[in-house]
Amino acid sequence: LPNTASKPSPVFGSPEPDADQHRHALMAACEMQSIAARISERRSKSGAVACSLGIGLHSGHVLHGFIGGAEMLEFTVIGEAVNLASRFCSTAPPGGILLSPQVFQHVFQDVRAEPVVVETKNEGKLNAYRVVELKHSA
Numbered sequence: 153l154p155n156t157a158s159k160p161s162p163v164f165g166s167p168e169p170d171a172d173q174h175r176h177a178l179m180a181a182c183e184m185q186s187i188a189a190r191i192s193e194r195r196s197k198s199g200a201v202a203c204s205l206g207i208g209l210h211s212g213h214v215l216h217g218f219i220g221g222a223e224m225l226e227f228t229v230i231g232e233a234v235n236l237a238s239r240f241c242s243t244a245p246p247g248g249i250l251l252s253p254q255v256f257q258h259v260f261q262d263v264r265a266e267p268v269v270v271e272t273k274n275e276g277k278l279n280a281y282r283v284v285e286l287k288h289s290a
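Dropping the structure here:
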């Protein structure tokens, strides 16, 4: 998820190690899309503005820890992997989930996905996988 000031992005495998972090992130992303679609459908039926979100998943090494002081202390992650995760998020289509190759190599057995190339402002073209569907074994 995009890292915004009001909503921190979920981090899997930090601060506690998680051997299945890639699959857990994928399952969370699928559940988020399912919930967002139901909420959007309800809003549309009531005449309210509907919206959708794009989700991007990436993994890599990060520096993690607490930043701040006595007034406000929060857990955060920084590093190149965080920046790339943000790029995958910002290029994910509304209602879609994009996986970086680093995530896809861990969850390919759980999804049907198609390879895509996304254009980013700073990094240029990045290879990704657009999730088409979650396999039942996941």
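Taking the working numbering, the leading residue of the sequence shown gets 153, the next gets one more, and so forth. Glycine residues also receive a C-beta, built at the ideal position from the N, C-alpha and C atoms.
- Boundaries of the beta strand (DSSP E) harbouring Leu209: 207-209, taken from the DSSP string.
- Within the region 207-255, complete alpha helix (DSSP H) segments of at least 4 residues are found at 232-243, given in chain order.
- By DSSP's assignment, Leu278 forms a beta bridge with Val270.
- Taking the C-beta atoms as reference points, Gly208 is found nearer than 9 Å to Ile249.
- With a minimum length of 4 residues, the unbroken runs of alpha helix (DSSP H) contained wholly in the region 158-205 fall at 173-197.
- Taking the C-beta atoms as reference points, Phe240 is found nearer than 9 Å to Ala280.
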